[in-house]
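Reviewing the structure listed below.
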Amino acid sequence: MDQVFTFVLRKSGAEWTVKQHSGDIEDSASSTYDLQRKLVNAARAADSSGAVQSSFSFVSPSSAVFQVVVGGAVFVGGGAVTAAPAGGAAAESAAAPAAEKKEKKVEKEEDEDFGMSLFD
Numbered sequence: 003m004d005q006v007f008t009f010v011l012r013k014s015g016a017e018w019t020v021k022q023h024s025g026d027i028e029d030s031a032s033s034t035y036d037l038q039r040k041l042v043n044a045a046r047a048a049d050s051s052g053a054v055q056s057s058f059s060f061v062s063p064s065s066a067v068f069q070v071v072v073g074g075a076v077f078v079g080g081g082a083v084t085a086a087p088a089g090g091a092a093a094e095s096a097a098a099p100a101a102e103k104k105e106k107k108v109e110k111e112e113d114e115d116f117g118m119s120l121f122d
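Next comes the structure, spelled out in structure tokens:
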């Protein structure tokens with residue numbers, strides 16, 4: 003089963019501090035990047051059962067939310083290793099190839115609008 007760690011980051015002066023939403027993890031660093039690295043390592047130490055995914059979003063210039071998901075399946079295909087998203091997001095990634103095909107079609111139509119092709 004996936005374990006989700008959610009953190010709230012706040013900036014005070016030049017220092018970023020973090021508190022776990024439902025837990026005891028607290029830390030601080032001079033940058034959000036350093037905090038993210040520390041928090042991923044803390045989540046791995048708490049639960050090393052599988053793949054690790056993370057998501058970071060600024061809420062304002064001085065606050066952010068960071069989430070680490072430990073667990074989930076890892077798929078190997080096409081020479082790449084990717085972790086399966088938690089929460090059913092696999093369906094979203096399945097829709098990605100269709101979106102890519104649509105984008106390619108739009109590009110082709112744009113070439114025709116100019117009356118020339120980039121490959122002539």
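To convert a position in the sequence shown, counted from 1, into my numbering, add 2.
No residue lacks a Cβ here, since even glycine has one placed at the ideal position from N, Cα and C.
As the structure is a computational prediction, the values presented were derived from the model and not from experiment.
Secondary structure at alanine 16: coil, using DSSP grouped into helix, strand and coil. Looking from the CA of valine 61, the closest CA among Lys13, Ala44, Gln55, Gly25 belongs to Lys13. Straight-line spacing of the CA atoms in serine 30 and lysine 40 works out to 9 angstroms. Between valine 6 and valine 71 the beta-carbon gap is near 5 angstroms, inside 8 angstroms, which marks them as a contact.
Beta bridge pairing from DSSP links alanine 66 with Leu11, Phe60. Per DSSP, the beta bridge partners of glutamine 22 are Phe9.
By alpha-carbon distance to alanine 66, the top candidate from Glu28, Thr34, Ile27 is Thr34.
For alanine 31, the enclosing beta strand (DSSP E) has its first and last residue at 28-31. Separation of serine 57 and serine 51 (C-alpha to C-alpha, rounded to the nearest whole angstrom) is 19 angstroms.
Buried is the label assigned to alanine 45, since at least 16 other Cβ atoms lie within 10 Å of its Cβ.
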